[in-house]
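As structure tokens, the structure follows; a few thoughts come after it.
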Amino acid sequence: MAIKFNKLTTVLALASVVTSLLPVAASAAEVNVYSSRKEALIKPLLDQFSEKTGIEVNLLTGNSDALLARLKSEGEYTAADLFLTVDAGALHRAVSADVFQTVSSAKINAIVPEHFRSSDDHWVGLSLRARPIFYSPERVDPAELNDYLSLADEKWNDRICIRSSNNLYNQSLVAALIEHHGAENVEDWAEGLVNNFARQPVGGDRDQIKGVAFGVCDIAVANTYYFGHMLNSDDAEEKAAAEKVKIFWPAQQSNGTHVNVSGIGITKHAKNIDEAKQLIEFLLSESSQKWYAEANYEYPVREGVAWSETLQQWGDFKQDDISMDILGENNAEAVRLMNRAGWR
């Protein structure tokens, strides 16, 4: 039986043919980031990246361990293209959990010093934070201070504030000390340090600095970027507390002051790999690295980038150049050692 074509049928058929010949509109480029950094400390840079490239960045922030557990649970169905976290120990956990893929980039390797990136190309450092000693200039002569091991001296009895052993920053510090001095010596040191606590560990790094300012203790160990935020805070009390405290750079005659990284890696099941690489390269650009120094009071991982005025006021110092991989590899031993020493 012959098929009859009316006018509407003919129009629809022609429209179908024309539509099939038109190019399919490409979906907007995007990249999805899981980040343990607070939104305020990373989103301004992501917005700049989107404005420059047209690539939309979808950001999910949260606790590092929770995000890692989510990545493992989601597996190949994850939306995440990048995982950003703030400690070499956390990055090591991600590598051990097999959530990263290797990314070989001559451009990235030329920017980031070898000890600030994964030896197997799973992640790369983005910024640095130092963990020096803070002291009260009213109660401590800086000539009394030396390196981290000297904090076990009896003269510091009841005079030290520091966070708990659950804190990754402290675990990474101890991991570095193990590499430099051996586990047995570091365990003896940890026992002496615990004996010198002015109080049981409580609170975050800001609380340790405030402890010095308010006379709870005379010295503390904390990350510099917390100090920077306090000095430039709109909170008058926090700013006043920071102004009562000074930095001492330990181990300048030996291994140097302990530093750690925030870092990023492309997830094993990333769907937007090219966009992910572009974002990493953008975060390592001179302008982004300068922003880290000015807005977050962190040290650029890229050499040759000018420090912010706040960082310059603290002066130059020798950094420990230990591989960040070792901080992760020694983490489990560091935790066991700290527990045996009574560091809670």
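Mature numbering (1 follows the signal peptide of the UniProt record, and there is no 0) puts the sequence shown at residues -28 to -1, 1 to 316. C-beta atoms are modelled at their ideal positions from N, C-alpha and C, and glycine is treated no differently.
Three-state class that DSSP yields for Glu210 in the structure shown: Judged by DSSP in its simplified three-state form, Glu210 adopts helix.
Pick helix, strand or coil for Gln291, following the three-state DSSP scheme. In this structure, Gln291 counts as strand in the three-state DSSP scheme.
Spatial neighbours of His94 within its chain, please: CB distance less than 7 Å, with the 5 preceding and 5 following residues excluded, ordered by chain position. Val67, Phe72, Thr74 and Gly237
Test item: CB-CB of Val132 and Ile219 under 9 Å: Note that residue 132 is Ile in the sequence shown here, rather than Val. No, the pair does not count as a contact, with Cβ atoms beyond the cut-off.
So, using beta-carbon positions, are Ala148 and Asp292 closer together than 9 Å? Yes; because the gap between Cβ atoms is below 9 Å, this pair is in contact.
Quick one: complete alpha helix (DSSP H) runs, 4+ long, within the region 93 to 162? Complete alpha helix (DSSP H) runs here, min 4: 140 to 153.
Sequence-distant residues of its chain with Cβ nearer than 6 Å to Lys10 (five each side left out): Excluding positions up to five away in sequence, the list is empty.
Evaluate the contact criterion for the region 291 to 305 versus the region 226 to 234: three or more CB pairs, one atom per stretch, below 8 Å. The region 291 to 305 vs the region 226 to 234: in contact.
Can you check the region 166 to 248 for any alpha helix (DSSP H) of at least 4 residues that lies completely inside it and give the ranges in chain order? Runs found: 177 to 185, 196 to 203 and 208 to 215.
Have a look at Cys189 and Pro16 and give me their C-alpha separation to the nearest angstrom. 37 Å
Can you tell me whether DSSP reads Arg316 as helix, strand or coil? DSSP places Arg316 in the coil class of the three-state scheme, outside both helix and strand.
Residues that DSSP places opposite Leu31 in a beta bridge: Val5.
Could you give the residue range of the alpha helix (DSSP H) that holds Phe21? Lys15 to Thr25
Does Leu299 come out as helix, strand or coil in the three-state DSSP assignment? Leu299: helix per DSSP, three-state reduction.
Suppose contacts are defined by Cβ-Cβ distances below 9 Å. Is Lys216 in contact with Val184 by that definition? yes
Beta-carbon proximity of Phe55 to Thr239, cut-off 9 Å: yes
For Val(-11), does the three-state DSSP call read helix, strand or coil? The predicted model places Val(-11) with a pLDDT of 34, which falls under 50 and marks its position as unreliable; any figure quoted below should be read in that light. Here Val(-11) sits in helix by DSSP.
Here's a check: name, in chain order, each residue in its chain whose Cβ is nearer than 6 Å to the Cβ of Gly200, leaving out the five neighbours to either side. Tyr269 and Thr282
Taking the beta strand (DSSP E) that Thr282 belongs to, which residues open and close that run? From DSSP, Thr282 is part of no beta strand (DSSP E) but of the alpha helix (DSSP H) over Glu281 to Trp286.
May I ask you to verify whether the region 294 to 313 touches the region 153 to 162, counting CB pairs closer than 8 Å and requiring at least 3? yes
Tyr49: buried (16+ other C-beta within 10 angstroms of its C-beta) or exposed? exposed
Just to confirm, is the Cβ distance from Leu121 to Asp59 under 9 Å? no
In three-state DSSP terms, what is Leu54? strand
Sub-9 Å separation of Gly26 and Ala1 beta-carbons: yes
Going by C-alpha distance, which of Asp288, Gly235 and Asp119 is nearest Val5? Gly235
For Tyr269, which of helix, strand or coil comes out of DSSP? coil
Would you give the residue range spanned by the alpha helix (DSSP H) that Glu86 belongs to? For Glu86, there is no enclosing alpha helix (DSSP H), since its DSSP letter is neither H nor E.
Cutoff 6 Å; reference Tyr271; Cβ partners in own chain excluding five residues on either side: Excluding residues up to 5 positions away in sequence, Leu100 lie with their Cβ nearer than 6 Å to the Cβ of Tyr271 in the same chain.
So what does Phe72 bridge to, in DSSP terms? Thr239
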